[in-house]
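Asks: One structure, as structure tokens, below. Some questions next.
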Amino acid sequence: MQATDVFPQPAITQQAADEIVDQIIKIGQLSKLADNWDSYGGKAIPLKVCKKAANYLYAAFKDLTNELESVAMPFIAPANDGSIVFEWESDKAELIVVFRPDPQLEVEYLTVEKANGSEQEKEGVFNSSTAFVQAVKWFSVHK
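The opening position of the sequence shown corresponds to residue 677 in the working numbering, with each subsequent residue numbered one higher.
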């Protein structure tokens with residue numbers, strides 16, 4: 677009997693774990709932005725928006741880590757309306773997700789598939805973190 681039979685190897689690397697922790701910390705730091713954070717009237721980002729964004733990103737990481745070789749992490753940025761924007765981009769695809777500060781905390785998306793010099797766009801609203809996870813999987817496969 678080997679040690680790995682008793683204690684299975686972790687499903688993720690330390691680097692991957694560090695990466696998701698860094699991203700979630702970054703999202704949390706966005707809640708510290710005050711009104712006019714960009715000197716152009718940018719609105720503060722509500723904590724509830726940060727929590728939803730962090731929960732969605734964690735769900736994608738948790739669900740896809742065992743399934744995919746690597747889970748692409750997004751570029752994360754505040755928007756001046758109090759939203760949080762996640763962006764993934766490669767030569768073959770783009771995924772943009774916006775966490776809105778509206779009462780419903782809508783999560784909007786835009787996917788762009790690039791092939792043969794043309795682009796196919798699709799936009800909509802995620803109704804659950806499961807749909808978000810599938811979009812991240814789509815990007816990770818198409819990158």
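Yeah, the Cβ is synthetic: ideal placement off N, Cα and C, and Gly gets one too.
1) Please determine, among R776, T741 and D767, the residue with the shortest C-alpha to C-alpha distance to A753.
2) Where does A693 land, buried or exposed, given buried means 16+ other C-beta within 10 angstroms?
3) Determine the contact status of F815 and A769, defining contact as a CB-CB distance below 8 angstroms.
4) Tell me, which residues are paired with I772 by DSSP?
5) Could you give the distance in angstroms between the alpha-carbon of K719 and the alpha-carbon of E797?
6) If you draw a straight line from the alpha carbon of S730 to that of L723, how long is it in whole angstroms?
7) Between the segment 779-793 and the segment 801-818, do at least 3 Cβ pairs fall closer than 8 angstroms?
8) Let me know if E799 comes out buried or exposed under the rule of 16 or more other beta-carbons within 10 Å of its beta-carbon.
9) Cβ of I721 within 8 angstroms of Cβ of I760?
10) Are the CB atoms of K813 and L733 within a distance shorter than 8 angstroms?
Replies: Looking at the atomic coordinates:
1) In the sequence shown, the residue the question calls residue 753 occupies position 77. Nearest option by C-alpha distance: R776.
2) As a working note, residue 693 is residue 17 in the sequence shown. Per the 10 Å Cβ criterion, exposed.
3) The residue labelled residue 815 in the question sits at position 139 within the sequence shown. The residue labelled residue 769 in the question sits at position 93 within the sequence shown. Against a cut-off of 8 angstroms, the Cβ pair of A769 and F815 comes out as a contact.
4) By one-based count along the sequence shown, residue 772 stands at place 96. In DSSP, I772 forms a bridge with E763 and L786.
5) Here residue 719 is taken as the residue at index 43 of the sequence shown, counted from 1. Here residue 797 is taken as the residue at index 121 of the sequence shown, counted from 1. If you draw a straight line from the Cα of K719 to the Cα of E797, it comes to about 29 angstroms.
6) Counting from 1 along the sequence shown, the entry for residue 730 is found at position 54. Counting from 1 along the sequence shown, the entry for residue 723 is found at position 47. Looking at the sequence itself, residue 730 is Ala, so the reference to Ser does not match. Distance between the alpha carbons of A730 and L723: 10 angstroms.
7) At 8 angstroms Cβ cutoff, the stretches touch.
8) The sequence position of residue 799 within the sequence shown is 123, counting from 1. With fewer than 16 Cβ atoms within 10 Å of its Cβ, E799 is classed as exposed.
9) Taking the first residue of the sequence shown as position 1, residue 721 is located at position 45. Taking the first residue of the sequence shown as position 1, residue 760 is located at position 84. Yes.
10) Here residue 733 corresponds to residue number 57 of the sequence shown, with the count starting at 1. Here residue 813 corresponds to residue number 137 of the sequence shown, with the count starting at 1. In this structure, K813 does not lie closer than 8 angstroms to L733 by Cβ.
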